[in-house]
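Trainee: Dropping a structure here in structure tokens format, bear with me for questions.
There are 2 protein chains.
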Amino acid sequence: MTRTAFFISDGTGITAESLGRSLLAQFENVEIQMLTKPYIDTLAKAQALVAVIDATAVNDGEQPIIIDTIVDQDIRDVIRQATGFKVDIFSTFLKPLEQELNTHSSYSVGRTHSIGSDDVYMDRIHSVHFALDNDDGARTHQYDKADVILVGVSRCGKTPTSLYLALQFGIRAANYPLTEDDHDEDGVLKLPKSLAPHRHKLFGLTIDARRLAAIRNERRPNSRYSSMDQCMQEVEQAESLYRSMHIPYIDTTRFSVEEISTRMIADTGLSRRFSPR
Amino acid sequence: MTRTAFFISDGTGITAESLGRSLLAQFENVEIQMLTKPYIDTLAKAQALVAVIDATAVNDGEQPIIIDTIVDQDIRDVIRQATGFKVDIFSTFLKPLEQELNTHSSYSVGRTHSIGSDDVYMDRIHSVHFALDNDDGARTHQYDKADVILVGVSRCGKTPTSLYLALQFGIRAANYPLTEDDHDEDGVLKLPKSLAPHRHKLFGLTIDARRLAAIRNERRPNSRYSSMDQCMQEVEQAESLYRSMHIPYIDTTRFSVEEISTRMIADTGLSRRFSPR
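Respectively, the protein sequence lines represent chains A and B. Numbering-wise (my numbering), the first sequence opens with residue 1432 and increments by one. Numbering-wise (my numbering), the second sequence opens with residue 1432 and increments by one.
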């Protein structure tokens, strides 16, 4: 037996979906099909959606779960008619908040994910282009403008993390790959020269060698680059560099990009240039 | 008088913050300082945070607002002792959901933002690198592998949108800039040759010329590139190409990257390769 959950919003649906997934993730033994329905911002769209929900109820033989963040009262009234178990975030929490803050709330559509100020937009664009321009050690002369410089072996998660930091928080993150080019004559990894003046900005990523090998194998199967030996050696050298240079670092093996980014911010006290939309 | 809100989580804090900002955005006339406190995953961290919250209450002369998504009961009990107005998402909604689903919920820390399956991780890495490799028309020979090809004039938001689509949804988005290189002998913008075989994958972005000029001015002040004349002409040509070729498009002027991305998905029916973490 499958249940269906609808995450409904008159905006992007990001809040409704994020909350809905968090709540439903606590029910591991129930199979739940999750559908996000953003931009339900007219009565006609709401009525069409009610028809879909009602049909799903018949089909599933169980009422769907409805989690919504719609602020418009008329649209909300239409959705309320759907067959479903309703988790109504706004009406549950806004009333008590109005009392606590001793004021009325303004129900305006899609406020949170609107572009906000021009400053935020520009900061975002700047940060994204900074991450792109300074990806993979492509340039090193802008490191004085970086908020953080991620270091680590190839394919440990530097690029996605830099981009996430830029998009979500406006943090200017460069990233630099640790490779054999930075070995000394004894084959020991040394702090690359271009990074030395910016040691306080460095943040290391490391990863389980087995996982690294799997990731690299997707890219270049059966190569030296993706062999267990090579991966183990690179990871060992990187970690030993972090320790000897007192570079803070985290193991990305079991973490998502969100977790790597937010943990790094929590660990370093790096400040966001804006907040996630 | 300033109020303070704490968004508290034993994971990334993304859900608590997203919901908290959505709720508090409805109170435009109250100045609220918002603080996110992720990874409150030990009793010691929780106790330290309670001290901060209590001090804030004294300082503000008003109790802080506390919005949390902590699942561990012992940590939750500590936070409950803080001076504050509590918006307790999980205890409010999980109990009724347990009844509806007729099962107990598993309170496991940070479930929603955990890395999930290896497949998701690989899809994400692939999509991010696809967006990077196919940014700004750098390559065109991989367009058969693209889920969508964003087109538009320089600085209308193509790159951040491609990256957001990759990171959040695993969508492989290439992007191609419309420039004078693609004008015919009469100075009219034509569909670039490399895009012609992939017309069904094209999605256009457009932007208000005034806003475009402002954005371009940040990059190259007082240039032809950033002049109103040039921006107006480019935008006009791009829009007229979209119309004549029946390329779906949206105006990004007042939209955030989240809005552009989710609207595009809603408009095109493009399917996500995974769901946002």
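Even for Gly, the Cβ is constructed at its ideal location relative to N, Cα and C. Every value quoted in this text rests on a predicted model; they were computed, and no experiment measured them.
What whole-angstrom Cβ distance do ALA1577 (chain A) and ALA1597 (chain A) have, given they're in contact under 8 angstroms?
Mentor: Not a contact, Cβ separation roughly 11 angstroms.
Trainee: Below 8 angstroms on the Cβ atoms is my contact criterion, and I expect ASP1428 (chain B) with ASP1503 (chain B) to pass it. Report the Cβ-Cβ distance as a whole number of Å.
Mentor: For chain B, the structure presents residues 1432 to 1708; residue 1428 (chain B) sits outside this window and is missing.
Trainee: Going along the chain, which residues of its own chain have a beta-carbon closer than 6 angstroms to the beta-carbon of MET1659 (chain B), five neighbours each way excluded?
Mentor: ALA1644
Trainee: Thinking C-alpha only, which one of A:ASN1460, A:SER1537, A:ASP1682 and A:ALA1482 is nearest PHE1458 (chain B)?
Mentor: A:SER1537
Trainee: Nearest-angstrom Cα distance between GLU1422 (chain B) and THR1473 (chain B)?
Mentor: Residue 1422 (chain B) falls outside the range modelled here, since chain B spans only 1432 to 1708, and no answer is possible.
Trainee: According to DSSP, is PRO1608 (chain B) helix, strand or coil?
Mentor: PRO1608 (chain B) sits in a strand when the DSSP states are folded into three classes.
Trainee: Mind listing, in chain order, the continuous alpha helix (DSSP H) runs of no fewer than 4 residues lying wholly within the stretch 1590–1668 of chain B?
Mentor: 1640–1650
Trainee: Of all the options B:VAL1582, B:ARG1630 and B:ASP1499, which has the alpha carbon lying nearest to the alpha carbon of PRO1469 (chain B)?
Mentor: Per the C-alpha coordinates, the member of B:VAL1582, B:ARG1630 and B:ASP1499 positioned closest to PRO1469 (chain B) is B:ASP1499.
Trainee: In chain A, which residues lie with their C-beta within 7 angstroms of the C-beta of THR1523 (chain B)?
Mentor: Correct list: THR1523.
Trainee: List, in chain order, every chain B residue whose beta-carbon is nearer than 8 angstroms to that of MET1553 (chain A).
Mentor: ILE1646 and GLU1649
Trainee: Only counting the same chain, and skipping five residues up and downstream in sequence, which positions put a Cβ closer than 7 angstroms to that of CYS1587 (chain B)?
Mentor: Excluding the 5 residues flanking it on each side, CYS1587 (chain B) has same chain C-beta neighbours closer than 7 angstroms at LEU1636, THR1637, ILE1638, LEU1643 and THR1683, in chain order.
Trainee: Roughly how many angstroms lie between the CA atoms of GLN1599 (chain A) and PHE1705 (chain A), to the nearest whole one?
Mentor: 8 angstroms
Trainee: Can you pull the chain B residues whose beta carbon is under 9 angstroms from the beta carbon of GLN1661 (chain A), in chain order?
Mentor: Under the 9 angstroms cutoff, chain B gives no residues; its nearest Cβ is about 19 angstroms from GLN1661 (chain A).
Trainee: So which residues of chain A does ARG1694 (chain B) contact, with C-beta pairs closer than 9 angstroms?
Mentor: THR1443, PRO1469 and TYR1470
Trainee: Taking one C-beta from the stretch 1523–1537 of chain A and one from the stretch 1475–1486 of chain A each time, how about it: are there three or more such pairs within less than 8 angstroms?
Mentor: No: fewer than three Cβ pairs fall under 8 angstroms.
Trainee: If we define contact as Cβ-Cβ less than 7 angstroms, is LEU1626 (chain B) a contact residue for chain A?
Mentor: no
Trainee: Which of the three DSSP states, helix, strand or coil, is assigned to VAL1582 (chain A)?
Mentor: strand
Trainee: By the 7 angstroms beta-carbon criterion, what residues does the stretch 1578–1611 of chain A contribute toward chain B?
Mentor: THR1590, PRO1591, LEU1594, TYR1595 and LEU1598
Trainee: For ALA1477 (chain B) versus ILE1510 (chain B), is the C-beta spacing smaller than 7 angstroms?
Mentor: Contact flag set, yes.
Trainee: Leaving out the 5 sequence neighbours to the left and right, which residues in its chain are closer than 8 angstroms to ARG1694 (chain A) when beta-carbon positions are compared?
Mentor: ILE1681 and PHE1686
Trainee: Which two residues bound the contiguous beta strand (DSSP E) that contains MET1465 (chain B)?
Mentor: 1463–1468
Trainee: Where ARG1703 (chain B) and VAL1489 (chain A) are concerned, what is the direct C-alpha to C-alpha distance, given to the nearest angstrom?
Mentor: The alpha-carbon separation between ARG1703 (chain B) and VAL1489 (chain A) amounts to approximately 26 angstroms.
Trainee: Sorted by chain position, which residues of the same chain lie with C-beta nearer than 6 angstroms to MET1432 (chain B)'s C-beta, five sequence neighbours on each side aside?
Mentor: none
Trainee: Show which residues of chain B have a CB atom less than 9 angstroms away from the CB atom of SER1702 (chain A).
Mentor: Per Cβ cutoff of 9 angstroms: no residues; SER1702 (chain A) is ~12 angstroms from chain B at best.
Trainee: Check the Cβ of ALA1697 (chain A) against every Cβ in chain B and list those closer than 7 angstroms, keeping chain order.
Mentor: PRO1469 and TYR1470
Trainee: So, LEU1609 (chain B) versus VAL1582 (chain B), is the Cβ gap smaller than 7 angstroms?
Mentor: yes
Trainee: DSSP on PHE1561 (chain B), reduced to helix/strand/coil?
Mentor: helix
Trainee: Would ARG1603 (chain A) and SER1558 (chain A) qualify as a contact pair, given that the criterion is a beta-carbon distance under 7 angstroms?
Mentor: yes
Trainee: PHE1634 (chain A) and PRO1591 (chain A) - do their beta-carbons sit closer together than 7 angstroms?
Mentor: Not a contact, by the Cβ cut-off of 7 angstroms.
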